[in-house]
Amino acid sequence: MKQKIIIISALVLLLVLITFMVKDFFFNNPGNTNPYQFELDNIRKGDSAKAVFAETQQIKTTMEEIHGIATDSSGKIYVSGKDSVVIFDTKGKSVNKFRIEGTAQCIAVSENGKIYLGIQDHIEIWNNRGEQLAKWASFGTDAVLTSIAVKDENIFIADAGQKVVYHCHIKGYLLGKIGLKDPATGVPGFIIPSPYFDLGISKGGNLWVVNPGRHSFEKYKFDGTLLSSWGKASMAMEGFCGCCNPSNFAFINDSLFVTSEKAIERVKIYGADGTFLCIVATPDQFEAGTKGLDLAVDKQNRILVLDPMKKMIRIFEPKK
Amino acid sequence: MNQRNNLIFSVRPPSGVQTLKMVKPNKLAMQNRRDFLNLLCRGTILTGLAATTGVLAFRSVKGGNCDLGTSCNNCKKSDSCDLPEAALFRQTVWQLDPTKCIQCGRCAENCVMSPSAVKVTHVYAMCGYCDLCGGYLKPDTKNISTAAENQLCPTSAIKRKFVEDPFYQYTIDEPLCIGCAKCVKGCGAFGNGSLQLQVRHDRCVNCNECSIARNCPADAFKRVPANKPYLLQGIEAKAEEKNKV
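These protein sequences, in sequence, are chains R and H. Residues in the first sequence are numbered from 1 upward in steps of one, following our numbering. Residues in the second sequence are numbered from 321 upward in steps of one, following our numbering.
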């Protein structure tokens, strides 16, 4: 009897020991987590339920690299990238594709349908049949053209390399430089730590330029006079995060700003005075490390987000 | 000693005692201690001279590629040089490859040194001197200030200094740095990755089996030549490396 008790006790003890070992080997002990681990996943999680827009369509591109997106007055979508430009109709069907020499970082389409491409250090003008109409001279060996906006006979070109905006006539000659630091006129100068430097022309006829290092938008007259600025540096949703954001923007409803950021990949809408209004897309909707989410808004007020990581156009519309 | 020796040889046998014929002693057997020491010294000097001549001859034959001929200064040929001094330069030390590092924070805990010999290094040539620095400020911070509650670093090892609007310089107080890599991860995520972890060789004891390397989940630790002990990445990182060597 006594021997039986000893055997049973020994077996129970053995079972307890095995259970402990199994738990130790195969189940994570929350107490053993690394106290110094810095979790960024919580920041990237976002809450897509808070977004007032929903992704309604994705248009895949067959290009090796995609960098710029624009729309024309008829609603056609233009995508520029490495060695080519692709034109889609409003439903996302590819209607034309033509080859170019080099990588077009930015694209704009004028009211008369001419396509303006910023290729490294110079501008090229094409028509939608794939014929080159003009090629401008280089803006310098340090030039990195990142954005173009066309209004009537004015064309504005953002050069991230030389931290300046060129105001040119559509025939190709330089009218002026905008944004060079000038304490006398209060122009702070552009701070551009990375090659993301966007600009646009509002319906009111003013030039808006992102000053990414200052996390702000600056409003200029066409002659280069600084009128106002807004923006707030913050990791929180209402501000612009990281070293240099927003990376891209577009206008919606004539005067509202649709912005995109890198580091925390998110697309938001701000009012004309810089008031944060709503979220279009949250970080969890993009792959970590996605940079250069170029934006466009078509005539139906759909927000087109160019996702260079997934190589597709993602279309967002207000939730019903 | 001499007196005693002289005595030995000067003792005459008493008269009438038949003497044995004196045999001339062996020269070596007759050598006194002074002569022996003299001989030993000469021998040592000769051996030394022979060894020096041998080494020089070896260098002239085998080490014909040495630029200086006498002492190694780790010249361009040291990688292929057979001389023992060049071999010293080919010794290896532990270093962390920033391109592989996943900033898990284990460098802070696993080093045999306390605090860890792994420290953050700032590649100033890459830094954007940002106001909203992802390596300095906590992501959820409300205000951009130097208040302790806003700082990401658990030991306040990063110092923020205003340069000019809107630029701020960030310097590392190395004795405070524990190598937790929080700032490295923050800078990489929100900036351009100018903060990088490196094993600092003024602290590293160069263990045969590095405790951190054993626990590194990214296999980021490797042996590198002692004459090129840092693996900084990015623009002009070579300049930083040169300053550290």
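From the three backbone atoms N, C-alpha and C, an ideal C-beta is built for every residue, glycine too. Here the structure is a predicted model, which is why all the values come from computation and not from measurement.
Residues of chain R whose Cβ lies closer than 8 Å to the Cβ of residue 461 of chain H are, in chain order, 235. Residue pairing by DSSP places residue 199 of chain R opposite R:209 in a beta bridge.
Neighbours of residue 214 of chain R in chain H, taken as residues at a C-beta separation under 7 Å, are given in chain order as 486. The beta carbon of residue 278 of chain R lies closer than 6 Å to those of 52, 269 in the same chain, with the five residues before and after it left out. Taking 8 Å as the cut-off, the Cβ atoms of residue 125 of chain R and residue 114 of chain R count as close. Closer than 8 Å at the C-beta level to chain R, one finds these residues of the stretch 423–456 of chain H: 423, 424, 425, 426, 428, 429, 448, 450, 451, 452, 453, 454. Residue 182 of chain R sits exposed, since fewer than 16 C-beta atoms from the chains shown fall within 10 Å of its C-beta. The Cβ of residue 248 of chain R sits no closer than 8 Å to any Cβ of chain H.
Under the Cβ distance rule, residue 285 of chain R does not count among the residues neighbouring chain H, no pair being separated by less than 8 Å.
When the beta-carbon positions are compared, residue 176 of chain R and residue 224 of chain R come within less than 8 Å of each other. Per DSSP, residue 80 of chain R is not a residue of any alpha helix (DSSP H); the beta strand (DSSP E) it occupies stretches across 77–88.
Under the three-state reduction of DSSP, residue 480 of chain H is assigned to strand.
Collapsing the DSSP output to three states places residue 410 of chain H in coil. Contact note: residue 509 of chain H reaches chain R through 40, 263, using a C-beta cutoff of 7 Å and chain order. Residue 316 of chain R: member of the beta strand (DSSP E) spanning 312–318, first to last residue. Within the same chain, 70, 116, 148, 149, 150 come within 7 Å of residue 108 of chain R by CB-CB distance, once the 5 residues on both sides are set aside.
When DSSP reads this structure, residue 136 of chain R sits in no beta bridge, so it has no partner. Taking every protein chain shown into account, the CB of residue 169 of chain R has fewer than 16 other CB atoms within 10 angstroms, so this residue is exposed.
The beta carbon of residue 531 of chain H lies closer than 8 Å to those of 430, 431, 432 in the same chain, with the five residues before and after it left out.
Residue state for residue 531 of chain H is assigned as helix, using DSSP reduced to three classes. Fewer than three pairs of CB atoms, one per stretch, sit closer than 8 Å, so the stretch 471–483 of chain H makes no contact with the stretch 536–551 of chain H. Counting only residues of its own chain and dropping the five nearest sequence neighbours on each side, residue 452 of chain H has a CB closer than 8 Å to the CB of 464, 510. Judged by beta-carbon spacing, residue 173 of chain R lies beyond the 8 Å limit of residue 292 of chain R, meaning their Cβ atoms are not closer than that value. The C-beta distance from residue 189 of chain R to residue 215 of chain R rounds to 15 Å, too long to fall under 8 Å, and the pair is not in contact. C-alpha of residue 458 of chain H to C-alpha of residue 507 of chain H: approximately 11 Å in a straight line. Annotation for residue 541 of chain H: the continuous beta strand (DSSP E) segment containing it runs 541–545. Among the residues facing chain R, residue 512 of chain H is included, as its CB has a counterpart in that chain under 8 Å away.
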